[in-house]
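Residue numbers (our numbering): 135 to 391. By construction, the Cβ of each residue, glycine as well, lies at the ideal position given by its N, Cα and C atoms. Just so you know, these numbers come straight off a predicted model, no measurement behind them. Only one structure is covered here, and it is reproduced in the block below.
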Amino acid sequence: MNRRYRKTIIAGNWKMNMTASETRKFAEDMRAIAPRAKWCEVVVCVPACNITAATKAFKDLHVSVGAENLYYEKSGAFTGEISADMLKDLGVKYVIIGHSERRQYFGETDFSVNKKVHAALEAGMHPIICVGESLEQRELGITMELIALQVKSALAGVSAEKVRKCVIAYEPVWAIGTGKTATSEQAAEVCTFIRTTVRHLYGARVARSVTIQYGGSMKPANAAELLSQPDIDGGLIGGAALKAKDFVEIINAANQD
Ligand code: 13P
135 MNRRYRKTII AGNWKMNMTA SETRKFAEDM RAIAPRAKWC EVVVCVPACN
185 ITAATKAFKD LHVSVGAENL YYEKSGAFTG EISADMLKDL GVKYVIIGHS
235 ERRQYFGETD FSVNKKVHAA LEAGMHPIIC VGESLEQREL GITMELIALQ
285 VKSALAGVSA EKVRKCVIAY EPVWAIGTGK TATSEQAAEV CTFIRTTVRH
335 LYGARVARSV TIQYGGSMKP ANAAELLSQP DIDGGLIGGA ALKAKDFVEI
385 INAANQD
C-alpha cells in the first residue's frame, strides 16, 4: 500500500452468492464486529438484484455497494442485461469489469472489457478492471506479455483524467477459489508491472495515483503480508468476503497504523 498517493480499497466480490435476506444478515454481523476502516475504502460488489437491499443494509457502515458486471450499450433490446446508467441510478459506485469468470464462462473479451470500462466511466462509476493469467500461461512464461495486453486493451481510448478513476485488480486465475494464493513476491511483481505499464501509457503522476488490488484466495491469514507490498493497494476478495468475520479481519489488516 502507499496511502500517500492512492486509495487503499478492500472490495468483496460476492459472485453468485447471497440472497437479499442474507445480505441484511451479513451487514448486521459486520456491524456487530465494527471494522476499523480508517485508512481504506470498503466496497461490497453484490449480485445486481441485491443492490437496493445492500445499499440499505450497508448505509451506516461506510461500505460502498458495487456491481459485478454491466452491459456497455446505453439502452435497447438487450434482454437480461443491465446498463451503466441503471447501476449508477441505484447508487452504485464501483463495478467489476472483465472478471476471469466472465471471460471464461460468458465470452467476455478484451474488446468487450474496453467497451464496458468506457461505459462505466461515462456513467461516473469506478471500474474495477480484472486482469490475470491462467496456470498454463504462467508456466509458458508469458504472464507479463498477457497482463500488458489486458491492461492496454482495457484502457484503450481512456483519458489520463479518467484512468485515475479506474482500479486494476490483478487476479491470477490459478489462485481464484483454489485456496492457492500467489506469494507476496509473485503478486507484487505483477502489480508493479501493471503500474509500470500504466506509467508507460500515462506518465508517472497518473500511474502512482491508480489503485491496484490483488485478488485470489486473499484471507485473514495472508492479507497483511500481501498488503504490505508497496504496489498492492487493496484486495478483491471472493470466498473470504462471504463471512463477515473474515472480511472484517482483512479490512483491519489494511488499517494498521
Ligand atoms: P477467491 O478470494 O474466492 O479466490 O476469489 C477471488 C476473486 O475472484 C475475486 O474477484
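Tell me which same chain residues have a C-beta within less than 8 Å of the C-beta of residue i, skipping the five on either side of it?
i    : result
R170 : I385, N386 and N389
K222 : A257, G258 and M259
L283 : D244
C183 : A154
A357 : G369, E383, I384, A387 and A388
For residue i, which residues from the same chain have a beta carbon less than 6 Å from its beta carbon, with the 5 sequence-adjacent residues on both sides left out?
i    : result
A188 : T157, V180 and V199
N136 : P364
Y206 : K249, K250 and A253
L269 : W308
G313 : S351
E215 : Y205
V197 : V176 and V178
K398 : Since the first and last residues shown for the chain are 135 and 391, residue 398 lies out of range.
I302 : I263, I328 and I346
S362 : none
S246 : none
S287 : D244 and N248
Could you spell out where the alpha helix (DSSP H) holding residue i opens and where it closes?
i    : result
T157 : A154 to I167
E273 : L269 to E273
V307 : No alpha helix (DSSP H) holds V307; DSSP gives it neither H nor E.
K296 : A294 to V297
Indicate the three-state DSSP secondary structure (helix, strand or coil) for residue i in the structure shown.
i    : result
T142 : strand
C179 : strand
N136 : coil
I302 : strand
S198 : strand
N184 : helix
I281 : helix
V265 : strand
Once the 5 residues before and after residue i are set aside, which same chain residues still bring their CB inside 7 Å of it?
i    : result
K299 : L255 and H260
R236 : N203 and E242
T186 : L224
Considering only residues of the segment 215-256, which uninterrupted beta strand (DSSP E) runs meet the minimum length of 3 residues and lie entirely inside it, listed in chain order? Given a length threshold of 3 residues, each whole run of the beta strand (DSSP E) inside the segment 215-256 is given here in chain order: 228-231.
What are the uninterrupted segments assigned as alpha helix (DSSP H) that are 4 or more residues long and contained completely in the segment 327-387, given in chain order? The segment 327-387 contains these whole alpha helix (DSSP H) runs: 338-343, 354-361 and 378-387.
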